Every structure is written in C-alpha cells, then in structure tokens.
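Visitor: Sharing a structure here in structure tokens format.
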Amino acid sequence: MLFVGLTGGVGAGKSTAAAALRDLGAVVVDADAIAREVVAPGTPGLAAVVAEFGEGVLGADGALDRPALGRVVFADPQRRRALEAITHPLVLERTEALVAAAVAADPTAVVVHDIPLLVELRRTDWYHLVLAVMADEGVRLRRLVEGRGMADDDARARVAAQADDDARRTASDVLLDGSGSPEDLADQLRGLWVERLSPFEEHLRTGVRAPRPDHPVLVPADPAWAVAGERLVARVARAAGGRALDVQHTGSTAVPGLLAKDCIDLQVVCADLATAREVAADLRSAGLVAEAGEWWDEPTSRRGQGGEAYRRVPKAFAANADPGRLVNCHVRDAANPEAREVLAFRDALRADPHAREAYALLKRGLALKHRDIDSYAAGKTEFIAEVLSRAS
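Using the numbering used here, the letters of the sequence shown map in sequence onto residues 8 to 399.
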C-alpha cells in the first residue's frame, strides 16, 4: 500500500485533484467528508460542538450550520482550536478505520488522504509522499466568491486561517499547479501516476529499490535538498520510533552550496547492530526498502590497521522505493566509528569553504574518470581522511 497525503489551500483545486486520482484508481479518503460525518445529527461529535459553541451553530433542521460555525472559528484562532480539539480525535479514529479497510480490501492500493489541514497539523511524516495543489491567492479568492458564493470577507478569512504557500512547499514532495483548468490538473496527475505513484507502490510491495544510475552523475547544489532531507528524516524517525538514537541528513546534499549526486543520504544510529537491522527492515512506512546481503563501512580511523574483520564494520542499509527521490539510508550501531565520522566530515565541509571547494573539484575529476560508483567513492577516501584529521 502506498499512502499519499493530498493537500492545498481552499480554492486551489484539491478536490479536483482528488477526483482525478480516484479516476486513476486511487482509494480516496476524504477528510472533509469524515469531518461532516463525525458531527452529523445524533452523533456525540455534534453534541460536543453545540455544548462548546451554543445552539446558534445549529440549523432549523437540527443539523450543523457550517457557514455559521465557520464565521466564528475562522475569525478567531482560539475558537478554531476549540473546535479542532473536539473534531480531530474523532476524524483521526475514522480515518484510520477507512485506511485499514482499504488495505484489507486491496493490499496493492494507492490510498490518497485528501486533507486540507495536513500542513497545519504537521502530518507530513504520516505519508510516503505528500502532494500539494498550488494556486495564487487571487485565483483562490475568485473561485470562492464566484464559484462557491462566499462573501469576500468570509473568503479572505478562510484563506488567512490556513497555512501559507511557503509552509506547503516545505511540507510537500510534489507541487501541482492548480491555477489552470481541471483538465490541466488531471494531465499532471496522469503523468505522476504512471511515472511515480504506481511504481512507488510496486517497489514498496515487492521490497525492491527503485532504479538508479550505475555511474556518478553530479548536479549543482539545490536548496531543496535540505528541505527534502528534513521530510525524510521525520519519516524515518517516525518509522524507527524509540529504537533510533539519532537520525540525520548526511552526505554532500547536507552541505549547502556543494555539488553532489541528486541523492539524499541519511544516517540512523541504533544501540546495536541487531536493532539497526531490525530498523532497516521496518522503514517501508518511510518509503524505504531494506537491501539484502551484507553491508559494511570502512571507517577512516581503521584504514590500514589490522585485518579485514577489523577494518570492515557491519551496518544495515535501506534505499528508496520512490522512483522520484534517490535515498541512501545507512543504519549503524552506536559503536561504529563511521557514525561519528560522517557527521564530522559533513560539519567540517559546512564550516570550511576552502575544503568544500576542494572537495567539489575532486568530485568533478573523479566523476569524469570513473564510470562506476565504487571507484568514484574510493577516490575520495584520502581527501576525507585529511579533512577529518584537521577537524580532530
């Protein structure tokens, strides 16, 4: 099962995107529909809302008057939080039941959670992937006023009460342009389904990492790497739970301004190797699959010393099932010297622009010289040792 979060500001086109995904075969769990269900007439949820906000939020038929309630809560953050304290636990319980039912009916399902408040609720780490439908505020306001008949002040209050676009960009793996026609948005989603969502689900289900280049491909530094790293760290930390002593974004993509392979390196530190292997096997909820076989590090501090058994320190390893984002996740035990060395090297490059520039030049040369990843990596060992020696 692939679990996808779908969000977007009111009027951006999120519902249109949900309908298009449903047409493509996704199971859509609609947070707004659930929110209405849990406060339907006769439910404990409605009784709690009336107790908090008074009879004025009821219509003549005894059902919740949503526009009346909206005028109260979207103009007053404190009152909105009071409503959320009532409804969110009820919505969560029902959501979990619907997702479980979808997976039981079809283990290969792509389940899309259509949730307007994904960003506000800080739930990015719940999903394998988060999609956000984006549209300019002016477009959204026009749709609310002209398309839904809202008063202009009500529309502006509704937009202002939600997360801003910067927060949505930070929380989302994929940004969809909702400013055009429904057909334009559906076209974007058809491509995403074929190229990313469907293969992502298959790779997760079969435990096979997504295809990747077999030779080093360097690209200019991308500020989006840091944000992607934060999302992945959060997902891995959630999947590992208390078994992870530390989860960090490492490697070249964690160094601002440094060219790199477009691959996010992560490090998870566990108390011992058995736990590390257990955690690596449990990272599918974070979109990663454990790689079979024996994996090991050769820490700089042990090179040239002792026998192979001393120089090679075992670890576990997981990689991306998502064809749209390369990830190497190294799961190490706390006694592994490499766990400290990768952080020390990253931090030294962050602090020293001259070392960073020299490393970039070295990597360019190695990428031209070597066509396989192992030789490319081996060519960097002496430089890494020198940087670590200066940093110690």
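Virtual Cβ for every residue (Gly too), placed ideally from N, Cα, C.
These figures come from a predicted structure and were not determined experimentally.
#1: Taking DSSP's pairing of strands, which residues face L136 in a bridge?
#2: Could you check whether the stretch 124 to 140 touches the stretch 214 to 227, counting it as contact only if at least three pairs of C-beta atoms, one from each stretch, sit closer than 8 Å?
#3: So, does the stretch 297 to 308 touch the stretch 353 to 369, judging by three or more C-beta pairs under 8 Å?
#4: Any contact between the stretch 129 to 148 and the stretch 79 to 86? By contact I mean 3 or more CB pairs, one from each, below 8 Å.
#5: Rounding to the nearest angstrom, what Cα-Cα distance links V106 and D113 in this structure?
#6: With a threshold of 16 other CB atoms inside 10 Å of the CB of E393, please say whether the residue is buried or exposed.
#7: What does DSSP give as the partner residues of A326 in its beta bridges?
#8: Evaluate A346 with the Cβ neighbour count: other Cβ atoms within 10 Å of its Cβ, from every protein chain shown; 16 or more gives buried, anything less gives exposed.
#9: Here's the rule I'm using: 16 or more other beta-carbon atoms within 10 Å means buried, otherwise exposed. How should R203 be labelled?
#10: How far does the beta strand (DSSP E) with H222 in it extend, from its first residue to its last?
#11: Quick one: which unbroken alpha helix (DSSP H) runs of 4-plus residues sit fully inside the stretch 57 to 105? Chain order, please.
#12: Go through its chain and collect everything with a Cβ distance to R175's Cβ below 6 Å, but skip five positions before and after it.
#13: Nearest by alpha-carbon distance to G185: which of R371, G20, F10 and A374 is it?
#14: Between R318 and the rest of its own chain, which residues show a CB-CB distance below 6 Å, the 5 nearest in sequence each way excluded?
#15: Please classify D159: is it buried, with 16 or more other beta-carbons within 10 angstroms of its beta-carbon, or exposed?
#16: Report the partner residues of W303 according to the DSSP bridge assignment.
#17: Classify K322 as buried or exposed, calling it buried when 16 or more other Cβ atoms lie within 10 Å of its own Cβ.
#18: Could you compute how far the alpha carbon of P51 sits from the alpha carbon of V45?
#19: Below 8 Å CB to CB, which residues in the same chain sit around I93 once its five sequence neighbours on both sides are set aside?
#20: Return helix, strand or coil for H377, following the three-state DSSP convention.
#21: Between the C-alpha atoms of A25 and I41, what's the straight-line distance to the nearest angstrom?
#22: The alpha helix (DSSP H) spanning Q312 covers which residue range?
Guide: The structure says:
#1: V11
#2: no
#3: no
#4: no
#5: Here the C-alpha atom of V106 lies approximately 11 Å from the C-alpha atom of D113.
#6: exposed
#7: V296 and N335
#8: buried
#9: buried
#10: Run containing H222: none; DSSP gives neither H nor E here.
#11: 73 to 80
#12: Counting only Cβ-Cβ distances below 6 Å, and skipping sequence neighbours, we find V126 and A139.
#13: Considering only alpha carbons, the answer is G20.
#14: So the list reads E305 and R309, once near-sequence residues are dropped.
#15: exposed
#16: P321
#17: buried
#18: 8 Å
#19: Taken in chain order, the residues that qualify are G52, A55, V56 and E59.
#20: coil
#21: 15 Å
#22: Counting along the chain, Q312 falls outside any alpha helix (DSSP H), and DSSP gives it neither H nor E.
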